[in-house]
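Peer 1: Next up is a structure, given as structure tokens.
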Amino acid sequence: MVKLTPDLIQQSMQYINPVKDRELDLRGYKIPTIENLGATLDQFDTIDFSDNDIRKLDGFPLLKRIKTLFLIIIVLSELEKD
């Protein structure tokens, strides 16, 4: 598990997504807790937290710009053949 630190936020991919939003990609780090989001300086419209270990949504500072949070977790144990 990785802790969500200001350094991780700075080192993560940041880009303009297909709908022209500034996006911060925090996918797949297995982050257990949302913290230190003030380090984003409210620069993102979208934050992708997919494939992490977040169990509770709290710890959000006031982020006026944010419009979308992705919190997708897909667990497949078996894929049926057809």
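Numbers in the numbering used here are just positions in the sequence shown, counted from 1, shifted up by 9.
Just so it is clear, CB atoms sit at the ideal spot from N, CA and C, and this is done for glycine as well.
1. Whose CA, out of Arg-74, Pro-70, Lys-39 and Asn-26, lies closest to the CA of Ile-63?
2. So for Asp-57, helix, strand or coil by DSSP?
3. I'd like to confirm the pairing. Which residues does DSSP put opposite Thr-77 in its beta bridges?
4. Below 8 Å CB to CB, which residues in the same chain sit around Val-11 once its five sequence neighbours on both sides are set aside?
5. Using only alpha-carbon positions, find the residue among Ala-48, Gly-68 and Asp-54 that is nearest to Arg-74.
Peer 2: On the basis of the data shown:
1. Stepping through the sequence shown from its first residue, residue 63 is reached at position 54. Considering only alpha carbons, the answer is Lys-39.
2. The sequence position of residue 57 within the sequence shown is 48, counting from 1. The three-state secondary structure of Asp-57, taken from DSSP, is strand.
3. Position 68 of the sequence shown holds residue 77. Note: Thr-77 sits in a beta bridge opposite Thr-55.
4. As a working note, residue 11 is residue 2 in the sequence shown. Leu-17, Tyr-38, Lys-39 and Ile-40.
5. Residue mapping note: residue 74 aligns to position 65 of the sequence shown, counting from 1. The option with the nearest alpha carbon to Arg-74 is Asp-54.
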